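In this note's numbering, the protein residues as written are 2 to 451.
Each residue gets a CB set at the ideal place from its N, CA and C atoms; glycine is no exception.
Fair warning: this is a prediction, and the values are worked out from it, not measured in the lab.
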Ligand code: S3P
């Protein structure tokens, strides 16, 4: 079974050049945060370009359950009538966050310092993922969590009635943990401090500032020190969600490895805390050009053009870049298989606790398709043998993980034989128009399976 229904087996056959314009959907991270902060503001926040993937729709439903009014006006335009910081109502029912770690962890943070209880659950993938990384810091505010063994969902949170401010050093590079603590700090008198050693995506900090919260980010020897002053009145905003660089990665990487391709991806978000993949691809020799660099709604944006790049070489990806491209390693490994030489990826332990164990899922599927992969607990490497060298022909397990499913379908586009996935259903969580968008560029996708 897929996340929300029967499995959808899919195949991707070798195809001719990919050409044209790829209008990828709105950024998932920014979309979740727009809905959650909109729900915590007083008055109406207007959002355009919202990602209407299942993960974000589940967050929209959750915000309604906590008392906000969320309206879909069609064509990516949404509005949220917020209830103010501390104004969440106790939900009548269990909050189902589906496949989304970002959704559940941010919402837990947002409700953790309001004296209400809420029970959270998710699909088979989410219910396996660690929640203690969020509930441990939330306990410092006075929040109680009662979950399954190992800190797994389903889990009930009892919000702190008299929360105290917290200073917390995030032990793993995780924007979800950082954001959960900051969102919890909103309803706490005094200053909440979060320190992160490695910079992770900073959409929460940018957006909090846009909504009128007092938030100061300092570069210190120990890393980023973020200080939030609690109990602000958040002012509703008008938010234009940039297109998702993590979704853009799929048509871009496909264009790099399919002979003759030339694809334009307009208006993608290029926040430096998200853009590591594109730097890495350029380091490998990819033909990428960034045009029309601009600022939209507090986020840097550009039009990105990607052309077939037959001379890419394997590289050692700098481990300090990992946080800025953490979701892109699966599709990077597909490009690496089509480059010449070894691509080494270190410092990527976090890949093991995503929607699936992404190192294991990719290594198994790549090997089945004739690619040599080596791995350790926090690293993996791919032996590339040049453009068009991958034999293909195998079916890969997607493990309820959208990025694994899409990565293997990209692999098939440049392989000698078609590559299949057992279930493409999870793609709808983040990139619901993946199939028609890739088909319009020239991909040969089908739902028939192997
Ligand atoms: C996200 C943070 C990252 C990322 C996820 C989205 C976010 O997770 O993998 O897809 O929006 O904050 P971690 O915080 O676990 O690294």
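Beta strand (DSSP E) segment containing residue i, residue limits
{"i": "residue 193", "result": "192-197"}
{"i": "residue 13", "result": "11-14"}
{"i": "residue 146", "result": "145-149"}
{"i": "residue 291", "result": "288-297"}
{"i": "residue 346", "result": "341-347"}
{"i": "residue 335", "result": "Taken as a continuous stretch (DSSP letters only), residue 335 belongs to no beta strand (DSSP E), being part of the alpha helix (DSSP H) at 330-338."}
{"i": "residue 358", "result": "Careful: residue 358 lies outside any beta strand (DSSP E) and carries neither H nor E."}
{"i": "residue 316", "result": "It is not in any beta strand (DSSP E) - residue 316 carries neither H nor E in the DSSP assignment."}
{"i": "residue 304", "result": "300-308"}
{"i": "residue 384", "result": "380-386"}
{"i": "residue 50", "result": "Premise fails: residue 50 is in no beta strand (DSSP E) and is neither H nor E."}
{"i": "residue 178", "result": "No beta strand (DSSP E) holds residue 178; the alpha helix (DSSP H) holding it covers 176-186."}
{"i": "residue 239", "result": "239-241"}
Cα-Cα separation between residue i and residue j, rounded to whole angstroms
{"i": "residue 450", "j": "residue 10", "result": "Summary for residue 450: the model assigns pLDDT 46, below 50, so the residue's position carries little reliability; its value from the coordinates is reported in the next sentence. Going by the C-alpha atoms only, they are around 5 Å apart."}
{"i": "residue 302", "j": "residue 64", "result": "28 Å"}
{"i": "residue 235", "j": "residue 83", "result": "9 Å"}
{"i": "residue 259", "j": "residue 157", "result": "48 Å"}
{"i": "residue 210", "j": "residue 416", "result": "46 Å"}
{"i": "residue 130", "j": "residue 317", "result": "29 Å"}
{"i": "residue 18", "j": "residue 46", "result": "42 Å"}
{"i": "residue 75", "j": "residue 342", "result": "47 Å"}
{"i": "residue 224", "j": "residue 197", "result": "6 Å"}
{"i": "residue 199", "j": "residue 220", "result": "11 Å"}
{"i": "residue 123", "j": "residue 429", "result": "15 Å"}
{"i": "residue 422", "j": "residue 251", "result": "16 Å"}
{"i": "residue 213", "j": "residue 299", "result": "13 Å"}
{"i": "residue 380", "j": "residue 324", "result": "14 Å"}
{"i": "residue 394", "j": "residue 419", "result": "5 Å"}
{"i": "residue 41", "j": "residue 411", "result": "39 Å"}
{"i": "residue 1", "j": "residue 435", "result": "No statement about residue 1 is possible, as the shown extent of the chain runs from 2 to 451 and does not include it."}
{"i": "residue 309", "j": "residue 266", "result": "14 Å"}
{"i": "residue 120", "j": "residue 107", "result": "14 Å"}
{"i": "residue 326", "j": "residue 277", "result": "5 Å"}
{"i": "residue 445", "j": "residue 414", "result": "7 Å"}
{"i": "residue 94", "j": "residue 66", "result": "8 Å"}
{"i": "residue 488", "j": "residue 103", "result": "The shown model of the chain, from 2 to 451, leaves out residue 488, and the question about it has no answer."}
{"i": "residue 2", "j": "residue 163", "result": "Reliability fails at residue 2, whose pLDDT of 40 lies under 50, so the model's placement of it is uncertain and the value that follows must be treated cautiously. So the alpha carbons of these two residues sit roughly 43 Å apart."}
{"i": "residue 13", "j": "residue 222", "result": "48 Å"}
{"i": "residue 21", "j": "residue 70", "result": "39 Å"}
Residue range of the unbroken alpha helix (DSSP H) whose run includes residue i
{"i": "residue 201", "result": "Note, residue 201: premise wrong, no alpha helix (DSSP H); not H, not E."}
{"i": "residue 248", "result": "246-258"}
{"i": "residue 403", "result": "403-414"}
{"i": "residue 437", "result": "435-442"}
{"i": "residue 31", "result": "29-41"}
{"i": "residue 139", "result": "133-142"}
{"i": "residue 429", "result": "Per DSSP, residue 429 belongs to no alpha helix (DSSP H) and is neither H nor E."}
{"i": "residue 391", "result": "Counting along the chain, residue 391 falls outside any alpha helix (DSSP H), and DSSP gives it neither H nor E."}
Identified DSSP bridge partners for residue i
{"i": "residue 121", "result": "96 and 156"}
{"i": "residue 73", "result": "79"}
{"i": "residue 216", "result": "229"}
{"i": "residue 170", "result": "196"}
{"i": "residue 90", "result": "Paired residue(s): none; residue 90 is not in a bridge."}
{"i": "residue 445", "result": "14"}
{"i": "residue 421", "result": "12 and 396"}
{"i": "residue 265", "result": "22 and 306"}
Distance between beta carbons of residue j and residue i, contact taken as under 8 Å
{"i": "residue 362", "j": "residue 398", "result": "7 Å"}
{"i": "residue 205", "j": "residue 183", "result": "6 Å"}
{"i": "residue 127", "j": "residue 100", "result": "6 Å"}
{"i": "residue 230", "j": "residue 194", "result": "Between residue 194 and residue 230 the Cβ distance is about 11 Å, and since that is not below 8 Å, they are no contact."}
{"i": "residue 405", "j": "residue 242", "result": "Contact doesn't hold; Cβ gap of about 24 Å is too wide."}
{"i": "residue 244", "j": "residue 39", "result": "Residue 244 to residue 39, Cβ: 20 Å. No contact."}
{"i": "residue 403", "j": "residue 431", "result": "5 Å"}
{"i": "residue 165", "j": "residue 135", "result": "With 8 Å as the limit, residue 165 and residue 135 do not qualify as a contact, their Cβ atoms being about 18 Å apart."}
{"i": "residue 382", "j": "residue 346", "result": "7 Å"}
{"i": "residue 36", "j": "residue 81", "result": "6 Å"}
{"i": "residue 23", "j": "residue 335", "result": "Their Cβ separation, rounded to whole angstroms, is 17 Å, which puts residue 23 and residue 335 out of contact at 8 Å."}
{"i": "residue 115", "j": "residue 54", "result": "About 27 Å separates the two Cβ atoms, so there is no contact after all."}
{"i": "residue 247", "j": "residue 304", "result": "That belief does not hold up - the Cβ atoms of residue 247 and residue 304 are roughly 17 Å apart, past 8 Å."}
Residue i, buried or exposed, once every other Cβ within 10 Å from all chains shown has been counted against 16
{"i": "residue 370", "result": "buried"}
{"i": "residue 440", "result": "exposed"}
{"i": "residue 34", "result": "buried"}
{"i": "residue 339", "result": "buried"}
{"i": "residue 238", "result": "buried"}
{"i": "residue 273", "result": "exposed"}
{"i": "residue 294", "result": "exposed"}
{"i": "residue 217", "result": "exposed"}
{"i": "residue 149", "result": "exposed"}
{"i": "residue 7", "result": "exposed"}
{"i": "residue 400", "result": "buried"}
{"i": "residue 296", "result": "exposed"}
{"i": "residue 215", "result": "exposed"}
9 Å Cβ cutoff, residue i in contact with chain B
{"i": "residue 77", "result": "Within the model displayed, chain B is absent; a lone protein chain is all it includes."}
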